[in-house]
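Numbering of the sequence shown is given in this note's numbering, commencing with residue 65 and proceeding in unit increments. Note that CB positions come from ideal geometry on N, CA and C, so glycine has one too.
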Amino acid sequence: MAVSVEVSTHGVELARYQRLLDTLGRSDHKAELLESIGAVAESQTRRRISDEKTAPDGTPWAPWSADYAKTRHGNQSLLQGDGDLLDSIEYQVQRNSVRVGSALAYAGVHQDGFSGAVQVPAHIRRITQAFGKALAFPVYQSVGSFTRQMEIPQRQFLGLSSDNQTELLAVIGDFWQDVMKEVGL
65 MAVSVEVSTH
75 GVELARYQRL
85 LDTLGRSDHK
95 AELLESIGAV
105 AESQTRRRIS
115 DEKTAPDGTP
125 WAPWSADYAK
135 TRHGNQSLLQ
145 GDGDLLDSIE
155 YQVQRNSVRV
165 GSALAYAGVH
175 QDGFSGAVQV
185 PAHIRRITQA
195 FGKALAFPVY
205 QSVGSFTRQM
215 EIPQRQFLGL
225 SSDNQTELLA
235 VIGDFWQDVM
245 KEVGL
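This is how it looks when you write it as structure tokens:
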């Protein structure tokens, strides 16, 4: 972030503006502002996942397929199974910017959508029901590797809606008002 202003006046006004420019240029103010922006943007993203269920442009997320919906239970919703994605949302301040996202490998699949083949490695599967009836004791079965076709619709959760932008502009405005009070303007 850079601020460049040329003032061609002298006296008290010049001193006030010089104090403001010196204060605005302090790196601790910039870091504090970026931390505030990051915290708010992270909160907005978490709210989008947990409550809003829409892309930043307001488009509702595609619902689960009928077959997939049968595998979900009462406290699960779109992009929220065990809460791992929601818990992974974080922000990072990097020099003059803020990044909000998730380090989970599948976060990008939900953000962008995916259509294609996926290789599933060999594994042991725990079977708890057969032919629609619960088994008295689970059975373990070896499953060989196979390729599976996946169709995951885009459910964009990263980005700023117009309401998010308005909220962030208010945070920035409040921050600078406090800085200006600090220097007596």
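Bounding residues of the beta strand (DSSP E) (the contiguous stretch that carries residue i)
i, result
"Ser161", "161-165"
"Thr210", "Residue identity differs from the one stated: residue 210 is Phe in this sequence, not Thr. Start and end: 210-216."
"Thr192", "187-194"
Helix, strand or coil at residue i according to DSSP, with G and I counted as helix
i, result
"Leu199", "strand"
"Tyr170", "coil"
"Gln144", "strand"
"Thr118", "strand"
"Gln220", "coil"
Enclosing alpha helix (DSSP H) for residue i [first to last residue]
i, result
"Gln241", "226-246"
"Ser152", "148-152"
"Ala181", "No alpha helix (DSSP H) holds Ala181; the beta strand (DSSP E) holding it covers 178-184."
"Ala130", "130-133"
Same chain, Cβ closer than 7 Å to residue i, five either side skipped, listed in chain order
i, result
"Gln213", "Ala181"
"Leu143", "Ile113, Leu149, His174, Arg219, Phe221"
"Val203", "Ile191"
"Gly177", "Ile216, Pro217, Gln218"
"Ala126", "Pro217, Arg219"
Of the residues the options, the one placed nearest residue i, counting alpha carbons only
i, options, result
"Thr211", "Asp92, Pro185, Gly196, Phe195", "Pro185"
"Asn39", "Gly177, Gly122, Gln193", "Because the chain is modelled from 65 through 249, residue 39 falls outside the range shown and cannot be assessed."
"Arg189", "Ser206, Leu199, Phe178, Phe201", "Ser206"
"Gln108", "Gln241, Leu224, Asp242", "Leu224"
"Thr135", "Ser226, Phe201, Gly196, Trp125", "Gly196"
"Asp115", "Phe201, Ala126, Ser226, Ser141", "Ser141"
"Gly208", "Phe201, Gln183, His187", "His187"
8 Å CB neighbourhood of residue i in its chain, flanking five on each side removed
i, result
"Leu98", "Val157, Asn160, Ser161, Val162"
"Leu233", "none"
"Glu106", "Ile153, Glu154, Tyr155, Val164"
"Leu199", "Ile191, Thr192, Gln193"
Sequence-distant residues of the same chain with beta carbon closer than 6 Å to residue i, five excluded per side
i, result
"Glu231", "none"
"Ala119", "Gln220"
Please determine if the region 159-179 and the region 137-149 are in contact, where contact requires at least 3 C-beta pairs separated by less than 8 Å. yes
Between the region 91-102 and the region 155-164, are three or more C-beta pairs nearer than 8 Å? yes
Three Cβ pairs or more, each shorter than 8 Å: is that satisfied between the region 224-242 and the region 124-137? no
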